[in-house]
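Just below is one structure, and these are the notes that go with it.
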Amino acid sequence: GQSLEQPSEVTAVEGAIVQINCTYQTSGFYGLSWYQQHDGGAPTFLSYNALDGLEETGRFSSFLSRSDSYGYLLLQELQMKDSASYFCAVRDQGQNFVFGPGTRLSALP
Amino acid sequence: EAGVVQSPRYKIIEKKQPVAFWCNPISGHNTLYWYLQNLGQGPELLIRYENEEAVDDSQLPKDRFSAERLKGVDSTLKIQPAELGDSAVYLCASSQKRLYTQYFGPGTRLTVL
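Here the protein sequences come in this chain order: F and A.
Using this note's numbering, the letters of the first sequence map in sequence onto residues 1 to 109.
Using this note's numbering, the letters of the second sequence map in sequence onto residues 1 to 113.
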């Protein structure tokens, strides 16, 4: 089977650094994506890691360790507008994406 | 560049009625996905198209769900008959072939009474 695990909720104050973890067990692995989804909105792409290491895009960074079947999304200088749900998604051997259950991030003033 | 377009945005129907959702992907995107998203959960793949071919429909409940992508552009997802448990958001996404970035539409929120 395929399963991804993420914390259900994370809360932090503005300006903080937030890390959202994702562990996965899938039948195949081609890469790990992260998506942001505001309430009532569409998921929007944040990052993709195919190889081990850290990828940085502005305030967002994403890390992957294939040997540990683990990745994380790092948000720096947290802002109120970052309050949303964040999903990790594994690209599997069928070239499909399997999404995790999501982490609801709440930024506090 | 226009994004992925879906319609309707909201639909309320009674159980056992049919319903259809329409998706227009980003121009030039060969790959089209239909997902189902329940409240508080991640999207779940229903079907993936490469051009007009359904390359993975293993998660599509074929007794009541059907989909088509004529001419490899627009796509329609149909449910007949709808059940109470079908209430969810139906998302369409598209991507360029062999690329990993999916672009999602705003979704159709279905309520079955």
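In this text, a Cβ means the ideal position worked out from N, Cα and C, and glycines have one as well.
Quantities reported herein were computed from a predicted structural model and do not represent experimental measurements.
Cβ separation of residue i and residue j, assumed to be a contact under 8 Å, to the nearest whole Å
i	j	result
L4/F	G100/F	4 Å
E14/F	R104/F	Not quite, the Cβ-Cβ distance comes to about 17 Å (not below 8 Å), so this is no contact.
Y72/F	N21/F	5 Å
W34/A	Y90/A	7 Å
T11/F	L75/F	About 13 Å separates the two Cβ atoms, so there is no contact after all.
Exposed unless 16 or more other CB atoms sit within 10 angstroms - verdict on residue i
i	result
I12/A	exposed
Y10/A	exposed
R149/A	The question about residue 149/A has no answer here: the residues shown for chain A are numbered 1 through 113.
L113/A	exposed
Opposing strand residues paired with residue i [DSSP bridges]
i	result
D56/A	R48/A
F60/F	T57/F, L75/F
I13/A	V112/A
I20/F	L73/F
R91/F	G31/F, F97/F
Any C-beta of chain A under 9 Å from that of residue i
i	result
F97/F	yes
Y35/F	yes
G100/F	yes
G94/F	yes
Y24/F	no
P7/F	no
L4/F	yes
Chain F within 9 Å of residue i, Cβ atoms only
i	result
I4/A	The question names Ile, but residue 4/A in the sequence shown is Val. Chain F contact via Cβ: present.
T76/A	no
Heavy atom of the ligand SAH within 8 Å of residue i beta-carbon
i	result
L46/A	The ligand SAH is not part of this structure, which contains no ligands at all.
- Task: Check whether the region 34 to 45 of chain A touches the region 75 to 94 of chain A, counting contact only when three or more Cβ pairs, one atom from each stretch, lie closer than 8 Å.
- Result: yes
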